[in-house]
Amino acid sequence: MQFTRDELIAASQQPQLKTLQIILKLLEPGWALNVYNQGNSVTIVDGDTRQILINAMQEINRGLVDLSWEVTNAINSATRLQLTEEAKVQKISAYEFVMGIHRMEAEAQFSAMKTASEIGFDLRTYAFSSASVDAFTLFWEEKITDTELIDTIAMEHYDKGMITDMQGNKDFARNIYEKQYHMLSTSVT
């Protein structure tokens with residue numbers, strides 16, 4: 006069940022994976038794509054280091070969904086940097102910072118949902134919430150716009166999203182992001 010970086014890249018070129026192919030073209034040069042054998046897939050921006058790490062210990066189609074999510078996060082890394090800079094000088098509120106992050110994650114989830122759908126996954130049995138799948142269905146039925154879908158997912162992330170912080174503590178994502186805001190806004194630059 007383990008795949009290599011080259012196998013992941015080759016699989017991403019399947020003709021039905023239109024979303025993934027579009028966003029891969031939007032990715033700026035300088036990003037490294039690697040696979041590894043533990044933890045969650047992740048996008049890392051640290052100084053000059055810009056890399057996307059995909060957990061290779063899953064079936065490759067799930068790796069493609071992760072790739073879609075993480076490439077979208079990589080594309081949005083400039084927005085994350087802007088949020089960070091604005092938080093440092095208190096140009097935005099804690100809520101605006103938190104919702105900015107949730108919105109970026111919602112965009113990444115939207116890309117992942119489209120890719121999962123293009124692969125043929127049943128979104129109701131995948132790792133997406135019922136509310137997100139319901140909103141996604143409304144989007145495909147052209148009853149809501151992509152902006153409305155992303156807003157719905159972002160608010161769900163705000164209301165219910167749980168993540169683990171750097172110390173291994175699980176908490177609502179909004180609380181962890183708000184702590185990040187306060188650390189940034191009180192730091193000396």
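Taking our numbering, the leading residue of the sequence shown gets 6, the next gets one more, and so forth.
Glycine is no exception: its CB is placed at the ideal position from the N, C-alpha and C atoms.
Secondary structure of Leu22 (DSSP, three-state): coil. By DSSP's assignment, Thr77 forms no beta bridge with any residue. The residues Ala111, Gln114, Phe115, Ser137 and Ala140, in chain order, have a CB closer than 7 Å to that of Ile158 in the same chain once the five nearest residues on each side in sequence are set aside.
A residue is called buried when at least 16 other Cβ atoms come within 10 angstroms of its Cβ; Gly125 does not meet this threshold and is exposed. By the beta-carbon neighbour count (other beta carbons within 10 angstroms, threshold 16), Val94 is exposed.
Cβ-Cβ distances below 6 Å link Val103 to Arg179, Tyr182 and Glu183 in the same chain, with the five nearest sequence neighbours on each side left out; the list follows chain order. With at least 16 other beta carbons inside 10 angstroms of its own, Tyr163 counts as buried. Boundaries of the alpha helix (DSSP H) around Thr120: Ala99 to Ile124. Our two residues, Met118 and Ser73, have alpha carbons roughly 9 Å apart in a direct line.
Across the structure, Gly173 and Thr120 are spaced so that their CA atoms are roughly 30 Å apart. If you draw a 10 Å sphere on the C-beta of Thr77, you find 16 or more other C-beta atoms in it, and that means buried.
In the three-state scheme derived from DSSP, where H, G and I count as helix and E and B as strand, Thr191 is classed as coil. Around the beta carbon of Asp71, a 10 Å sphere encloses 16 or more other beta carbons of the protein chains shown; the residue is thus reported as buried.
Annotation note: the stretch 131 to 170 contains the following uninterrupted beta strand (DSSP E) runs of length 3 or greater, listed N- to C-terminal: 167 to 169. In the DSSP assignment, Arg55 falls within the beta strand (DSSP E) that extends over Thr54 to Asn60. For Leu88, there is no enclosing beta strand (DSSP E); the enclosing alpha helix (DSSP H) has its first and last residue at Ser82 to Lys93.
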